[in-house]
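S.K.:
Residue numbers (my numbering): -8 to 182.
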């Protein structure tokens, strides 16, 4: 089934667009056991992120259709493994998941980014889980942030993050059915 990739700047309207598209897919599917699922990767580590999470939840509650929410800030493949044929799924978002992957283990002394092979392993498991979903009758909407309009950063860790995210975006677009970019609420379909 299709993967639809949606990217854009912060506060560009990409999550709202993704939710609208997922609901439309949900309403148009003739599958018996379908569910509308929101996989959330955000962790409220500061006031701004806490407000964003609250706003996203409130936006979904305002809709006429009930969303089933799965919190998956770290092991995204575990959330993907719970999906069934016919599910319409919105994963929001790749950038927060990758940030979580970078710093998982920080509280115990060594974040993943400092462990050899840790990030590569997490990305491999995520990609494998996504490819498995494509073999099922699951429609997957993937949301991510664009961070590539800025010049390269002097900080190695930030630049590594941008490079990995850029590679992930290219991979998602290569396997997607549709790819959109949202800027200032304007939708541009690239694929």
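Glycine included, each C-beta is placed from N, C-alpha and C at the ideal position.
Quick caveat: nothing in here was measured; it's all calculated off a predicted structure.
Just the C-alpha distance for residue 184 and residue 1, rounded to the nearest angstrom, thanks.
M.R.: Within the shown structure, residues of the chain are numbered from -8 to 182, placing residue 184 beyond reach of any answer.
S.K.: Is the separation between the beta-carbon of residue -1 and that of residue 173 shorter than 8 Å?
M.R.: For residue -1 and residue 173, yes; Cβs fall inside 8 Å.
S.K.: Are residue 61 and residue 16 touching if we call contact CB-CB under 8 Å?
M.R.: For residue 61 and residue 16, no; Cβs fall outside 8 Å.
S.K.: Measure the CB-CB distance between residue 5 and residue 134 and report whether it falls below 8 Å.
M.R.: Contact: yes.
S.K.: Going straight from the alpha carbon of residue 81 to that of residue 151, what length do you get?
M.R.: The alpha-carbon atoms of residue 81 and residue 151 are separated by roughly 26 Å.
S.K.: Among the candidates 160, 175, 163 and 182, whose CA atom is the shortest distance from the CA of residue 169?
M.R.: Nearest option by C-alpha distance: 182.
S.K.: If we ignore side chains and look at the alpha-carbon of each, how far apart do residue 165 and residue 84 end up?
M.R.: Residue 165 and residue 84: Cα-Cα distance of roughly 18 Å.
S.K.: So what does residue 80 bridge to, in DSSP terms?
M.R.: For residue 80, which the question treats as bridged, DSSP gives the partners 28 and 131.
S.K.: Tell me, to the nearest whole angstrom, how far the beta carbon of residue 93 is from that of residue 102; I am working on the premise that it is less than 8 Å.
M.R.: About 6 Å separates the two Cβ atoms, so the contact holds.
S.K.: Note down the Cα distance separating residue 177 from residue 118, rounded to an integer number of angstroms.
M.R.: Cα to Cα, residue 177 sits roughly 29 Å from residue 118.
S.K.: Whole angstroms is fine: what's the gap from residue 25's alpha carbon to residue 130's?
M.R.: Cα to Cα, the separation comes out at about 10 Å.
S.K.: Quick one, are the C-beta atoms of residue 139 and residue 153 less than 8 Å apart?
M.R.: It is a contact, given that the beta carbons lie within the stated cut-off.
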